[in-house]
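Chemist:
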Amino acid sequence: MRQAIRTMLTMQHQMNTRVHEDWVNQNYEWYRAVWIECGELMDHIGYKWWKKQTADVEQVRLEIVDIWHFGMSALFDPSIDIDGLAQQIEVELYHAEPETGDVRLATEALAAHTLQSRAFSVALFAQLMLAAELSFDELYQHYVGKNVLNFFRQDNGYKDGSYIKEWRGREDNEHLSELIAQLDDSAEDFPDQVYQGLQQRYPG
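Numbered according to the working numbering, the sequence shown spans residues 12 to 215.
#1: Identify, in the order they occur along the chain, each residue of the same chain with its Cβ nearer than 8 angstroms to the Cβ of Pro109, setting aside the five sequence neighbours on each side.
#2: Counting C-beta neighbours from all protein chains within 10 Å, is the total for Asn27 16 or more, i.e. buried, or is it exposed?
#3: Express the C-alpha separation of Gly57 and Ala85 in angstroms, rounding to a whole number.
#4: For Lys59, count the other beta carbons within 10 Å of its own beta carbon; 16 or more makes it buried, fewer makes it exposed. Which is it?
#5: Rounding to the nearest angstrom, what Cα-Cα distance links Ala15 and Leu145 in this structure?
#6: Smallest Cα separation from Arg72: which of Ser132, Tyr151 and Glu177?
#7: Out of Ser188, Arg17, Val205 and His24, which has the shortest C-alpha to C-alpha gap to Glu101?
#8: How would you label Met19, buried or exposed, when you count the other beta carbons within 10 angstroms and need 16 or more for buried?
#9: Could you tell me whether the segment 153-160 touches the segment 186-193, using the rule of 3 or more Cβ pairs below 8 angstroms?
#10: Is DSSP giving Arg181 helix, strand or coil here?
#11: Which whole-angstrom value is the C-beta distance of Val35 and Phe87, which I expect to be below 8 angstroms?
#12: Are the beta-carbon atoms belonging to Val76 and Lys176 less than 8 angstroms from one another?
#13: Need the endpoints of the alpha helix (DSSP H) that Ala85 sits in, please.
#14: Give, in chain order, every unbroken run of the alpha helix (DSSP H) that is at least 4 residues long and sits entirely within the segment 126-165.
#15: DSSP three-state call for Ser188: helix, strand or coil?
#16: Assign Met12 to buried or exposed, taking buried as 16 or more other Cβ atoms, counted over all protein chains shown, within 10 Å of its Cβ.
#17: In the DSSP assignment, the alpha helix (DSSP H) including Glu110 goes from what residue to what residue?
#18: Pull up the distance between the alpha-carbon of Met83 and that of Phe147, whole angstroms please.
#19: For Trp79, count the other beta carbons within 10 Å of its own beta carbon; 16 or more makes it buried, fewer makes it exposed. Which is it?
#20: Rounded to the nearest angstrom, how far is the Cβ of Tyr42 from that of Ala130, given a contact under 8 angstroms?
#21: I'd like the list of long-range same chain contacts for Asp196, defined as Cβ closer than 6 angstroms, with 5 residues on each side in sequence excluded.
#22: Return the CA-CA distance between Phe201 and Leu52, expressed in angstroms with no decimal places.
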């Protein structure tokens, strides 16, 4: 688990560095992005008792992955190295036990803590994962996939508008999901394999 966490932290650091070389010291409001993502998650799980709603479980899980992007970013500190941070996160994730099976309550608990503390709680995030039945392996797969896809988009003209999002009648997200299912996520070069797979499929 720790190696996978270290990989995700490294990838997040690399992505954030594209925004600002010294991003760790910019005091970005990562907590704000976290609670807004929590709100988006609620839309997918459904909360409107006055109308018929069907929970979109896959979208709920993808929102949890998006929360993780911002949550990890919030955990970075100039005084803590990636290995030390990975160890801290591993302990909190490993010892998590379900407190509620209700995704709405788990989401609200994380959002409330985030707003009150302006910080990110790995323990409460772990509770949300458990409530949504999202395993660590699934978190890792989806996180790496989305991160690699973001890099791939940037490398292929996303910023200047030349990137092609739909290939052979399917969006890049669909190609990504298919690739992830075919690859071994335990391989150390899993992120590289995902990138190479996208590159082979991309028509540009």
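Backbone N, C-alpha and C fix where the C-beta goes; we use that ideal spot for every residue, glycine too.
Modeler: In this structure, then:
#1: Within the same chain, Pro109 has close Cβ partners Gln138, Leu141 and Ala142.
#2: Classification for Asn27: buried.
#3: 27 angstroms
#4: exposed
#5: Looking at the backbone, the Cα of Ala15 and that of Leu145 are separated by about 16 angstroms.
#6: Tyr151
#7: Arg17
#8: buried
#9: yes
#10: strand
#11: 5 angstroms
#12: no
#13: Residues Val68 to Leu86.
#14: 133-142
#15: helix
#16: exposed
#17: Unbroken run through Glu110: none, as it is neither H nor E.
#18: 14 angstroms
#19: buried
#20: 6 angstroms
#21: Gln152
#22: 27 angstroms
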